[in-house]
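Peer 1: After the structure tokens below, expect a handful of questions from me.
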Amino acid sequence: MRWPELLAAQGSKDVGGVKLPAVGFGTYNTKQGIAMQAVEIALSQGVRHIDTAAAYGNEQDIGKAWRSSGLSRSEIFLSSKLDRQQLGKGKVREALLHSLQDLGTDYLDVFYIHSPLSSKQVILESWSELQELKEEKLVRAVGVSNFGVKQLEELRKENLPVPSINQIEVSPFNQRRQIVSWCEANGCAVMSSSWSRLSNKETGAKNWPKLKEIAKSKGITAAQTLIAWSLHRGLLCIPRSGTETEKEVIAIKENSPGGVAAIKLTDQELKQLDSLDEMLASGALGRTDGWSKEDVRGAAWDPTEA
69 MRWPELLAAQ GSKDVGGVKL PAVGFGTYNT KQGIAMQAVE IALSQGVRHI
119 DTAAAYGNEQ DIGKAWRSSG LSRSEIFLSS KLDRQQLGKG KVREALLHSL
169 QDLGTDYLDV FYIHSPLSSK QVILESWSEL QELKEEKLVR AVGVSNFGVK
219 QLEELRKENL PVPSINQIEV SPFNQRRQIV SWCEANGCAV MSSSWSRLSN
269 KETGAKNWPK LKEIAKSKGI TAAQTLIAWS LHRGLLCIPR SGTETEKEVI
319 AIKENSPGGV AAIKLTDQEL KQLDSLDEML ASGALGRTDG WSKEDVRGAA
369 WDPTEA
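Using this note's numbering, the letters of the sequence shown map in sequence onto residues 69 to 374.
As structure tokens, then:
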């Protein structure tokens with residue numbers, strides 16, 4: 069396959085006309101209070117893209133954090149997602165307005181459909197309504213999350229605009245090459261989501277020790293190695309961390325754009341990391357959002373079939 073072009077850690081990628089920073093900060097599974105502290109630290113370390121979702125329940129915290137940072141709205145990028153219950157004709161606008169209020173802004177840089185776990189009709193209706201919101205400049209770019217080739221093709225077959233970005237679980241352990249190839253061929257950026265195990269925490273992946281060996285040989289963390297792989301493969305990424313321990317706070321700094329800017333992987337190291345693909349099912353590395361195996365393996369969930 070042909071991977072997207074390499075991204076610089078302190079660079080950006082065009083996402084529907086938005087120059088989205090290559091390395092941002094994700095807030096999946098980050099509780100209120102902790103989310104505010106984590107985002108404040110991330111912004112102080114040069115992070116300028118904050119990703120959240122209605123389902124995360126922390127949009128108000130993020131709004132407070134960016135407004136207290138001293139940064140202007142034009143200096144940061146805010147992204148959020150439509151929850152499964154917010155999809156459907158007439159619901160999308162209401163959901164966006166609620167997110168805007170909680171985030172303390174009058175527009176979003178990127179607004180996603182969070183999941184393909186809905187009917188084709190509802191997805192198409194929601195996608196069409198997102199285009200209207202973009203035209204009204206309430207959102208600058210629109211994307212999807214967790215979409216596989218099947219769902220992406222359904223949008224294209226209806227002559228609807230291709231998503232500007234697809235946020236999926238992708239790492240050396242589950243590289244989703246079919247999805248990435250489709251996106252690259254169709255002008256859709258790919259973002260490695262904050263639950264792709266861009267972390268130092270050991271996972272159930274059998275090849276985890278091999279990744280640790282590479283990280284140790286370079287004097288960097290496992291998380292930094294995963295982020296470096298994402299950037300070398302042209303994938304935007306949003307690592308995340310809490311603030312409950314000193315180690316977690318340090319991780320926010322280590323995984324910031326400046327923290328990973330100097331990391332370069334050799335061709336041999338990239339080859340080693342590429343060889344770790346286990347084609348794992350989505351969620352196999354530790355998702356905690358309550359979705360069942362039937363959800364992530366069923367016909368409505370294409371990424372696990374890629």
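In this text, a Cβ means the ideal position worked out from N, Cα and C, and glycines have one as well.
1) In angstroms with no decimal places, state the Cα-to-Cα distance between G211 and S142.
2) For the beta strand (DSSP E) containing D177, list its first residue and its last residue.
3) Compute the Euclidean distance between the alpha carbons of S267 and P307, then round it to the nearest angstrom.
4) Roughly how many whole angstroms lie between the Cα atoms of A374 and Q219?
5) Is it the case that the segment 100-115 contacts the segment 322-341, given that we only count it when at least three CB pairs across the two stretches are under 8 Å?
6) In this structure, how does DSSP classify V277 when only helix, strand and coil are distinguished?
7) Which partner residues of K87 appear in the DSSP bridge assignment?
8) Please classify S298: does DSSP put it in a helix, a strand, or coil?
9) Between the C-alpha atoms of Q340 and L164, what's the straight-line distance to the nearest angstrom?
10) For the pair the segment 240-250 and the segment 197-211, tell me if three or more CB-CB distances fall below 8 Å.
11) Rounded to whole angstroms, what is the Cα-Cα separation between V83 and P277?
12) For the alpha helix (DSSP H) containing R224, list its first residue and its last residue.
13) If we define contact as Cβ-Cβ less than 9 Å, is I288 a contact residue for chain C?
14) Can you give me the C-alpha to C-alpha distance between L338 and T95, rounded to a whole angstrom?
15) Tell me where the alpha helix (DSSP H) around L198 begins and ends.
16) Going by other Cβ atoms of all chains shown within 10 Å of its Cβ, with 16 needed for buried, is K202 buried or exposed?
17) Report the option in F215, T173, V238 and S194 whose CA atom is closest to the CA atom of K205.
Peer 2: So, from the listed chains and residues:
1) Roughly 20 Å separates the two Cα atoms.
2) That run of the beta strand (DSSP E) goes L176 to I181.
3) Unreliable placement is indicated for S267, whose pLDDT of 48 sits below 50; the coordinate value is still reported in the next sentence. So the two alpha carbons sit approximately 7 Å from each other.
4) Note on A374: pLDDT 30, under 50, position unreliable in the model; the coordinate value appears next. Each residue's alpha carbon lies about 12 Å from the other.
5) The segment 322-341 makes contact with the segment 100-115: 3 or more CB pairs, one atom from each, lie closer than 8 Å.
6) Note on residue identity: the sequence assigns Pro, not Val, to residue 277. In the structure shown, the three-state DSSP call for P277 is helix.
7) D82, per the DSSP bridge assignment.
8) In the three-state reduction of the DSSP assignment, S298 falls in the helix class.
9) Separation of Q340 and L164 (C-alpha to C-alpha, rounded to the nearest whole angstrom) is 42 Å.
10) Touching, no.
11) Spanning the two alpha carbons is a distance of roughly 34 Å.
12) Its alpha helix (DSSP H) spans residues V217 to K225.
13) Annotation note: the requested chain C is absent from the structure, which comprises a single protein chain.
14) Cα to Cα, L338 sits roughly 28 Å from T95.
15) L198 -> alpha helix (DSSP H) spans K188 to E203.
16) Around the Cβ of K202, a 10 Å sphere holds 16 or more other Cβ atoms; the residue is buried.
17) For the residues F215, T173, V238 and S194, the minimum Cα distance to K205 belongs to T173.
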